[in-house]
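Residue numbers (this note's numbering), protein chains in the order written: chain A, 2 to 356; chain B, -16 to 177. Built from N, CA and C at the ideal position, the CB exists for glycine as well.
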Amino acid sequence: MKMFDRHLSRHLAAYVDGELPPDRARKAEGHLSQCARCRAELEQVRLGMTIVERLPLTEAPESVWNSIQGTLSTHEPRRPFPIHIWRFAGGAAVALILVAAGLYWYSARQAETRWEVVSLNGSPKVASRPIHGVGHIAVGEWIETSGSSRARIKVGEIGSVDVEPNTRLRLVTARPGEHRLALRSGEITASIAAPPRLFFVETPAGTAVDLGCQYKLHCDATGHGLLRVTAGWVSIEWSGREALVPAGASCRTRPRIGPGTPYFDDAPARLVGALETFDFADGSSALGIILAASRARDTLTLWHLLSRVGAAERPRVYDRMVEFSAPPSGVSRDQVLRLDAQTLGRWREELAWTW
Amino acid sequence: MVSLSDREISAEIIDSCRQGDRDAFRALYDAYKDKVYSISLYFFHGDAMAAGDATQQVFLKLITGIRQFRGDAGFSTWLYRLVVNTCLDGARQYKSHAVIVDRSVLEAVVRGGSQEEELARMQIASSVQSAVSSLPPKFRLAILLRYFEDLSYEEMAKILNCSMGTVASRLSRGHRILAEKLAPLKGWLSTRHE
């Protein structure tokens, strides 16, 4: 299709902002010279831009910094080891440098291979040794809590994990570029503030991948899991199967099956029940219940179902989604039914604004 | 003090932040605080408390995660991605307020005499804020990022996790909605364009 045979509506801001490539800008000019409708819309876009220029920049109150500073004071960042070389001379200075370098290397090495653990209740155990107050967990070691103990692990420099009662958890990797735990059973609450894909929790039924978030992850003795996200996004992945779970949503997991289909915590009980049947039992009859019970917000669930139902049932899911939200331009029924990855991604981008 | 460009904080400041330098954190905060706060303020319908909370969360996440910032994406891209995610998370927690743009007030302002100019400016600023706040979130964030940080469409596409075409579409649609809501201002703006 030649660009701008159709109206320019979607491209007008790019035209005004000089974001169109030169050849497309020339075509746009040609179209505008012949199309009164697009000229009227262009005038509206320009007026909108003039209006936005009236928005004043508002100064952040000093109280915001005070709050940040207060929080930072309780989580003081680690500073490099100070070396005041000028106080010493000759061999003493050299000796000090060697000692300091050794200490710094040791401290950095320790930070890369073990994390701080604080007992919150009772006496959690690390490597079978009880911890009172503050201790450490090293790569390869297990932390275990009883029915009356809890602990908090400081995850490098990026956040923390609360280890709830009756939990077994192992530290797998502790590097700045990869923070990885393995949850065998029990429950953890993770609060991570870092760029995406730096923090991972393995479970018998999938790996939770942090995309900048807070979440609870539960795993029972049989390996059945439940992820509940309270802020940001988490991806849960197993053997090529993936579920994207936003804040306010949950996802069940099962060994040898992986993540089920995510759903919002306020979804109708009928939908949640039918989803469990669909994901982990015979799903043929459950799909009808899921579609009938779904609401506009449940396009989160329906979007995931597109790639989980068979080709014969995919049109039913698509048609139900369209009842709630018309697909954006560039997303066609054929492409969706063929599971074109780019098309599905584009639709998810649009739907995510309503999730 | 290291001098900062309007757009991108220096690598030196980021390196110092990685080392835990509190003065560098403050320099970084000062460079971006008003833009982050203003975007949050207009996103949360002028709710100063929600905007303050969001700004605090953004900088805490940024400070906590800066040791892991690898520089493979621009610093601004990472920062504004945090802003977008924090605003959207906040929107799920706060009940959204209905925002109504009162066209009759605007028409009265436009008819007003020159001695009422200052009052008119204040009322128009308030109406513009209300109109921006009333936009659907996807249009609102695109416009706020574009206006307050003058980001390119490519940068915005990375921040908003969408294509450049989608960015263009959201900006076009968002600006047209604003123009429709604030149509009575058209003549007034053209005579007082600063």
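Within chain A, the residues that F240 of chain B reaches when beta carbons sit closer than 7 Å: No information on residue 240 of chain B is available, as it lies outside the stretch -16 to 177 that chain B covers here.
Pick out whichever of A:R176, A:R55, A:L307, A:L33 has its Cα sitting closest to the Cα of V156 of chain A. A:R176
Under 8 Å Cβ-Cβ, which residues of chain A neighbour G170 of chain B? None at all; the shortest Cβ gap to chain A is about 11 Å.
Quick check: the Cα distance between A327 of chain A and E132 of chain B, rounded to an integer number of angstroms? 31 Å
Test: L345 of chain A CB closer than 8 Å to a CB of chain B: no
Cβ neighbours of R153 of chain B in the same chain (closer than 6 Å, five flanking residues each side left out): K121, F122, A125
Please classify D72 of chain B as buried or exposed, where buried requires at least 16 neighbouring CB atoms within 10 angstroms. buried
Return the residues of the stretch 40 to 68 of chain A that lie within a Cβ-Cβ distance of less than 9 Å from chain B, sorted by chain order. E42, E44, Q45, V46, R47, L48, G49, M50, T51, I52, V53, E54, R55, L56, P57, L58, T59, E60, A61, P62, S64, V65, W66, S68
Under 8 Å between the Cβ atoms of L170 of chain A and I144 of chain A? yes
What is the DSSP secondary structure of G1 of chain A, reduced to helix, strand or coil? As displayed, chain A neither begins before 2 nor continues past 356, which places residue 1 of chain A out of reach and without an answer.
Is DSSP giving S116 of chain B helix, strand or coil here? helix
Give the secondary structure of T183 of chain B by DSSP, where H, G and I count as helix, E and B as strand, and everything else as coil. Here chain B has residues from -16 to 177 only, and residue 183 of chain B is not among them.
Spatially closest choice to G148 of chain B from A:S149, A:L338, A:R334, A:L9, by CA coordinates: A:L9
Could you tell me if G48 of chain B is buried or exposed, where buried requires 16 or more neighbouring beta carbons within 10 angstroms of its beta carbon? buried
Whole angstroms are fine: how far does the CA of L48 of chain A sit from the CA of R11 of chain A? 16 Å
Here's the rule: buried if 16 or more other CB atoms are within 10 angstroms of the residue's CB, otherwise exposed. What is R257 of chain A? exposed
Considering only their Cβ atoms, is the gap separating T231 of chain A from C220 of chain A smaller than 8 Å? no
Is the beta carbon of V65 of chain A sitting closer than 8 Å to the one on G29 of chain B? no
For R370 of chain A, collect the residues of the same chain with a Cβ closer than 6 Å to its Cβ; drop the 5 residues on either side in sequence, then sort them by chain order. Not covered by the structure: residue 370 of chain A. The range shown for chain A is 2 to 356.
Do you know offhand how far E63 of chain A's Cα is from G71 of chain A's? 12 Å
Among A:T59, A:A191, A:L303, which one has its Cα closest to the Cα of I291 of chain A? A:L303
Counting only beta-carbon atoms, is D30 of chain B nearer than 8 Å to chain A? no
Outcome for Q35 of chain A when other beta-carbon atoms lying within 10 angstroms are tallied against a minimum of 16: exposed
Residue range of the unbroken beta strand (DSSP E) whose run includes L170 of chain A: 169 to 176
Quick one: what does DSSP say S186 of chain A is sitting in, helix, strand or coil? strand
In the structure shown, what three-state DSSP assignment does S79 of chain B receive? Bear in mind that the predicted position of S79 of chain B carries a pLDDT of just 47, short of 50, making it unreliable; the figure below should be weighed with that in mind. Note: S79 of chain B maps to coil in three-state DSSP.
Taking just the CA atoms, how far does P329 of chain A sit from R349 of chain A? 10 Å
Neighbourhood of P166 of chain A by C-beta, 7 Å cutoff - its chain only, sequence neighbours within 5 removed: T146, S147, G148, S149, S150, R151
For V84 of chain B, which residues from the same chain have a beta carbon less than 8 Å from its beta carbon, with the 5 sequence-adjacent residues on both sides left out? In this prediction, V84 of chain B has a pLDDT of 48, which is less than 50 and means its spatial position is unreliable; nothing more can be read from the coordinates.
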